[in-house]
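For what it's worth, the UniProt record's numbering labels the leading residue of the sequence shown as 1, then goes sequentially.
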Amino acid sequence: MTVHETAWTMTSDVTPEWACRETGDGPRRWRLSWLPDRLLTREQARAGMELDELLSDPAAVGDRFAHARMAERADRLGILWEQALILISKRILTRLRTREGEPVPRPPGCPGPATPETEEPETPLDWLEAEPA
């Protein structure tokens with residue numbers, strides 16, 4: 001897992017989520033793609049990116065140490081890791097339902113492309129939200 005940082009963006013080599021820095025003064029100038037309503041410090045944005053990577057690792061499901069790292073990263077953001085999981089899952093569903101060529105919704109104030117260039121699935125996974133039989 002690697003979070004790639006520049007002065008204006010943070011991206012992941014594991015997930016399509018990202019963080020961007022808004023123009024302006026002050027320490028809270030960062031936004032996460034999956035937590036767009038909060039202005040964050042650079043350190044909080046980094047913690048959010050790391051949390052996204054941890055939540056995206058299937059091997060972490062039963063790993064209590066990974067759960068502790070998730071809880072610590074989420075705490076830096078003022079949320080529970082379970083809340084982050086729900087928010088990121090909703091982003092995944094939105095991304096899967098977005099027609100090819102349309103941008104994925106992104107936080108206000110963040111210039112540039114909505115996501116790194118990735119190949120999107122061709123069909124939505126409606127069964128993820130289907131009512132149980």
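Just so it is clear, CB atoms sit at the ideal spot from N, CA and C, and this is done for glycine as well.
Selected residue, minimal CA-CA separation from residue i, among the options
i: D25; options: T2, R42, P16, A19; result: R42
i: Q44; options: G78, P58, D63; result: G78
i: W34; options: V3, A68, K90; result: K90
i: L87; options: P36, R64, L40; result: P36
Separation of residue j from residue i, as counted between CA atoms
i: R38; j: R76; result: 13 Å
i: A74; j: L80; result: 5 Å
i: D52; j: P27; result: 22 Å
i: P16; j: T94; result: 12 Å
i: A60; j: E22; result: 32 Å
i: Q83; j: M70; result: 11 Å
i: W18; j: R97; result: 19 Å
i: T2; j: L55; result: 14 Å
i: L40; j: L85; result: 18 Å
i: V14; j: D63; result: 18 Å
Bridge partners - residue i, DSSP secondary structure assignment
i: S12; result: V3
Cβ separation of residue i and residue j, assumed to be a contact under 8 Å, to the nearest whole Å
i: A66; j: D57; result: 7 Å
Spell out a yes or no on whether the stretch 3–15 and the stretch 46–54 are touching, meaning 3 or more CB-CB pairs, one atom from each, closer than 8 Å.
-> yes
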